[in-house]
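J.: Heads up: the sequence shown begins at -13 in the working numbering, then just goes up one per residue.
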Amino acid sequence: MKLLIINGPNLNLLGKREPGTYGNKDFDSFFTELQANFPQAELAYYQSNIEGELIGKIQKADDDFDGIILNAAAYTHTSVGIGDAIKAIQTPVIEVHISNTFSREDFRHKSFISPAAKGVIIGFGLQSYELAVHSFLKQ
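(1) Classify residue 53 as helix, strand or coil using the three-state DSSP reduction.
(2) In the DSSP output, what is residue 32 paired with across the bridge?
(3) Apply the 10 Å Cβ neighbour rule to residue -1 and answer buried if 16 or more other Cβ atoms are within range, or exposed otherwise.
(4) In whole angstroms, what is the alpha-carbon distance linking residue 32 and residue 118?
(5) Beta-carbon separation of residue 87 and residue 51 under 7 Å?
(6) Can you have a look at residue 36 and say buried or exposed, based on whether 16 or more other CB atoms are within 10 angstroms of its CB?
(7) Going by alpha carbons, who is nearest to residue -13 out of 79, 75, 82, 29?
(8) For the 8 Å Cβ check, are there 3 or more pairs between the region 17 to 24 and the region 56 to 72?
(9) Residues in the same chain with beta-carbon distance under 8 Å from residue -4, minus the five sequence neighbours each way, listed in chain order, please.
(10) Can you tell me whether residue 15 is buried or exposed, with buried defined as 16 or more other CB within 10 angstroms of its CB?
(11) Taking the beta strand (DSSP E) that residue 63 belongs to, which residues open and close that run?
(12) Taking only three categories from DSSP, how would you classify residue 75?
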């Protein structure tokens, strides 16, 4: 099973950015651990702070991957384009968030991704990604 993890804006700063909310581990270190914990899956990772690049990656992933794990970060709450890209592809997408978005500012309670996603995992820290991988592998 080939899975692509896509992270949106500011997630390249994990480990430095608001550690009380996002923890103190950088994503590259976590990704290495994730690959070791799931040798039965071929995991790939992409991060961008640019909305159009995320949309392009989602569209291209439809040809190359069995599933997408997407943390669109702030674009979750603003990007109709990312939501539309997910609707346009056949590859299933699981939306993940490190923090519990419903315990944060009101604008974070709306997702343009959730209606098009296979499922949503929110608030389990980096373990949210692990839960998403498990979900794909249990299909």
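Beta carbons are placed, not taken as given, at the ideal position from N, Cα and C, and that holds for glycine.
T.: Quick look at the numbers:
(1) The residue you call residue 53 lines up with position 67 of the sequence shown. Assignment of residue 53 by DSSP, reduced to helix, strand and coil, places it in the strand class.
(2) Translated into positions along the sequence shown, residue 32 becomes position 46. BP columns for residue 32 point to -8.
(3) Taking the first residue of the sequence shown as 1, we reach residue -1 at position 13. Exposed is the call here.
(4) For the purposes of this step, residue 32 is taken as the residue at position 46 of the sequence shown. For the purposes of this step, residue 118 is taken as the residue at position 132 of the sequence shown. Taking the Cα positions, residue 32 is about 16 Å away from residue 118.
(5) Position 101 of the sequence shown, counted from the start, is the residue given in the question as residue 87. Position 65 of the sequence shown, counted from the start, is the residue given in the question as residue 51. No, the pair does not count as a contact, with Cβ atoms beyond the cut-off.
(6) Here residue 36 refers to the residue found at position 50 of the sequence shown. It is exposed - the Cβ of residue 36 has fewer than 16 other Cβ atoms within 10 Å.
(7) In the sequence shown, the residue the question calls residue -13 occupies position 1. Nearest C-alpha to residue -13 among 79, 75, 82, 29: 29.
(8) Touching, no, given that fewer than three Cβ pairs across the two stretches are closer than 8 Å.
(9) In the sequence shown, residue -4 corresponds to position 10, counting from 1. Hits under 8 Å: 3, 35, 59, 60.
(10) In the sequence shown, residue 15 corresponds to position 29, counting from 1. Classification of residue 15: exposed, given that the 10 Å Cβ count is below 16.
(11) As a first step, residue 63 must be located in the sequence shown, where it is residue number 77. Premise fails: residue 63 is in no beta strand (DSSP E) and is neither H nor E.
(12) Numbered from its first residue, the sequence shown carries residue 75 at position 89. Assigned with DSSP and collapsed to three states, residue 75 falls in coil, not helix or strand.
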